[in-house]
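Chains as they are written, first to last, in my numbering: chain U, 1 to 83; chain R, 84 to 397.
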Amino acid sequence: MGKHSIHYLPLIAILFLGFIGFYLSPYDRFFQASSVVASGVGYFSWGIIHHYVHKDLHLSIIMEYLAISIFGVVSLLVILFRT
Amino acid sequence: MRTLAHLSHFILPGYSNDQKAKLLHSESIFMIVLLMIVAQLFLQFSPSVGIKILGYASSISVDDVVNLTNSNRTNAGAGVLRVNPQLTAAAKAKGEDMLAKDYWAHVAPDGTQPWKFFIDAGYKYKYAGENLAKDFPSAGSAVDAWMASPTHKENLLSTKYDEIGIAVVEGDLNGVDTTIIVQLFGKKLEGSSATTPETVAAKSNENTVLAQAIPSGVPTIAPTPNPTSAELPVFSQNGNISGGTRAKKLTSPFLTTKTLTLLSTGLLVVVFIVDSFVIAKKKLSRYGGKVFAHLAFLGLVLSLAIITHVGGIL
Numbered sequence: 001m002g003k004h005s006i007h008y009l010p011l012i013a014i015l016f017l018g019f020i021g022f023y024l025s026p027y028d029r030f031f032q033a034s035s036v037v038a039s040g041v042g043y044f045s046w047g048i049i050h051h052y053v054h055k056d057l058h059l060s061i062i063m064e065y066l067a068i069s070i071f072g073v074v075s076l077l078v079i080l081f082r083t
Numbered sequence: 084m085r086t087l088a089h090l091s092h093f094i095l096p097g098y099s100n101d102q103k104a105k106l107l108h109s110e111s112i113f114m115i116v117l118l119m120i121v122a123q124l125f126l127q128f129s130p131s132v133g134i135k136i137l138g139y140a141s142s143i144s145v146d147d148v149v150n151l152t153n154s155n156r157t158n159a160g161a162g163v164l165r166v167n168p169q170l171t172a173a174a175k176a177k178g179e180d181m182l183a184k185d186y187w188a189h190v191a192p193d194g195t196q197p198w199k200f201f202i203d204a205g206y207k208y209k210y211a212g213e214n215l216a217k218d219f220p221s222a223g224s225a226v227d228a229w230m231a232s233p234t235h236k237e238n239l240l241s242t243k244y245d246e247i248g249i250a251v252v253e254g255d256l257n258g259v260d261t262t263i264i265v266q267l268f269g270k271k272l273e274g275s276s277a278t279t280p281e282t283v284a285a286k287s288n289e290n291t292v293l294a295q296a297i298p299s300g301v302p303t304i305a306p307t308p309n310p311t312s313a314e315l316p317v318f319s320q321n322g323n324i325s326g327g328t329r330a331k332k333l334t335s336p337f338l339t340t341k342t343l344t345l346l347s348t349g350l351l352v353v354v355f356i357v358d359s360f361v362i363a364k365k366k367l368s369r370y371g372g373k374v375f376a377h378l379a380f381l382g383l384v385l386s387l388a389i390i391t392h393v394g395g396i397l
């Protein structure tokens, strides 16, 4: 991270908001699912923008963020589906 | 030896995996996602082909539901509800109807309204309300869930009701052993002259609690005796009384899914850490995403999976 730490603040903010949204709506499954999807989209978008700004955006990196974001969203949605 | 090399290929960076643990390659992660979806499909459809491997464990006391409800009402100054046998019978009938017709909703797929069960049980209401809960591990967690939901809380604490009926019904819901708590509230229509009932906000949204005033013209009945102090039963799907509590040790679909998520996410986190540690130690420069960002996101996934708890309310 180093001197580029400030670039991670939006990511931390996105994930924090996702956590708060999920935590504060314990029995509203729709809102919880929305928080999860928003966090996944936010994380993916942050990754694309971050690497674009640093001029090292490549298809393999896009796929890496896409795979992890889909993994996270699906992992949580299947739990919510089972509650 | 060969097994170790194979394991190393998946969790450590090296020549065989282009200096990145194979498990962290995008195609591997997509494969994990695919396996998770297949596992869910198996959990979902195995009951329909006769495979019953899942169930739900709970220990719910009807008395506890009543006592906790009244405790919350007392704290809110709403007054204690009396247990009414007719409402209890109506609650049992509603629960069994949900199991028999495989639905989890206030209104049955065939359009049967919750109020029908009140009338069928001989309870002519001035006001009526219904809270539903399923798959909670205890009475306390179910009542807490209702209290955490503004619409359910409004029903639970409403001063328009003075009687309550509870049933804990267990059985097969869409192929999965399920415990349903039906909580009915009511106030009897006093005397046949009361033809203009007061209005209660009716929330007919399928996802919210229901509360309704009686339609005009419904005949009244004589009040039933006041509360029964007998220990309330728990009804099973076939109508047998199974006692005040039950504790059946089976595997919960929720816990199975949650465990799979925790294990797979935890595995990815560990491999990401080990992989980046080895790369740093080898002083290799690698083209790829930011490990800190991946770990932060996977940390969120782990956190949310941990705090998610079983149980649904309507």
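Every residue gets a Cβ at the ideal spot worked out from N, C-alpha and C, and that includes glycine.
Keep in mind that this is a model prediction, so the values were computed, not measured.
GLU246(R) and GLU64(U) have their C-alpha atoms some 58 Å from each other. Per DSSP, reduced to three states, the secondary structure at THR86(R) is helical.
Taken in chain order, the members of the stretch 55 to 77 of chain U whose beta-carbon sits within less than 8 Å of a beta-carbon on chain R are ASP56, HIS58, SER60, ILE61, MET63, GLU64, TYR65, LEU66, ALA67, ILE68, SER69, ILE70, PHE71, GLY72, VAL74, SER75, LEU76. Interface criterion not met: the Cβ of TYR52(U) is under 8 Å from no Cβ in chain R. Contact of VAL384(R) with chain U is assigned, a C-beta pair being separated by under 8 Å.
The C-alpha of VAL121(R) lies about 17 Å from the C-alpha of LEU338(R).
By the C-beta criterion, the stretch 9 to 27 of chain U is judged to be in contact with the stretch 35 to 48 of chain U, since at least 3 inter-stretch pairs fall below 8 Å. Just so you know, the alpha carbons of GLY160(R) and GLY254(R) end up roughly 36 Å apart.
Between VAL36(U) and chain R, the shortest Cβ-Cβ separation is below 8 Å. For LYS177(R), the enclosing alpha helix (DSSP H) covers residues 168 to 184.
Interface flag for ILE20(U) against chain R is unset, since no Cβ pair is found closer than 8 Å. With a threshold of 8 Å between beta carbons, HIS189(R) makes no contact with chain U. Along the stretch 99 to 124 of chain R, going in chain order, the ones with a CB nearer than 9 Å to a CB of chain U are LEU107, HIS108, SER109, GLU110, SER111, ILE112, PHE113, ILE115, VAL116, MET119, ILE120, ALA122, GLN123. With fewer than 16 other Cβ atoms inside 10 Å of its own Cβ, ASP56(U) counts as exposed. GLY394(R) sits close to ALA216(R), with the two beta carbons spaced by under 8 Å. Chain-ordered, the chain U residues with CB closer than 9 Å to the CB of PRO336(R) read ARG82. The three-state secondary structure of ALA379(R), taken from DSSP, is helix. For PRO10(U), not one C-beta of chain R is nearer than 8 Å to its own C-beta.
In chain order, ALA379, PHE380, LEU383 make up the part of chain R whose C-beta sits under 7 Å from the C-beta of LEU15(U). Assigned with DSSP and collapsed to three states, PHE219(R) falls in coil, not helix or strand. Classified as exposed, TYR23(U) has fewer than 16 neighbouring CB atoms from the shown chains inside 10 Å of its CB. At a cut-off of 8 Å, the C-beta of PHE93(R) has no neighbouring C-beta in chain U. LYS270(R) has a beta carbon lying at 8 Å or more from every beta carbon in chain U. ILE112(R) counts as buried, since at least 16 other C-beta atoms from the protein chains shown sit within 10 angstroms of its C-beta.
Bounds of the beta strand (DSSP E) holding LYS270(R) are 259 to 271. According to the DSSP assignment, ALA250(R) belongs to the beta strand (DSSP E) that extends over 246 to 256.
Residues of chain U with a Cβ closer than 9 Å to the Cβ of SER347(R) are, in chain order, PHE71, SER75. Proximity of ILE390(R) to chain U, defined by a Cβ-Cβ separation below 8 Å, is satisfied. Per the Cβ contact rule, the stretch 64 to 80 of chain U is in contact with the stretch 378 to 394 of chain R (3 or more Cβ pairs under 8 Å). Within the stretch 350 to 377 of chain R, those residues whose Cβ lies closer than 8 Å to any Cβ of chain U are, in chain order, LEU351, TYR370, GLY371, GLY372, LYS373, PHE375, ALA376, HIS377. In this structure, ARG369(R) keeps its C-beta atom at 8 Å or more from the C-beta atom of LYS177(R).
The Cβ-Cβ distance between PHE201(R) and ALA211(R) falls below 8 Å. Distance check between MET181(R) and each of THR242(R), VAL163(R), VAL252(R) places VAL252(R) closest, using alpha-carbon atoms only. Using a Cβ-Cβ cut-off of 8 Å, THR344(R) is close to SER75, LEU76, VAL78, ILE79 of chain U, given in chain order. Assignment of beta-bridge partners to ASN214(R) by DSSP yields GLN266(R). Burial is judged here by how many other beta carbons sit within 10 angstroms of a residue's own beta carbon; ARG85(R) has fewer than 16 and is exposed.
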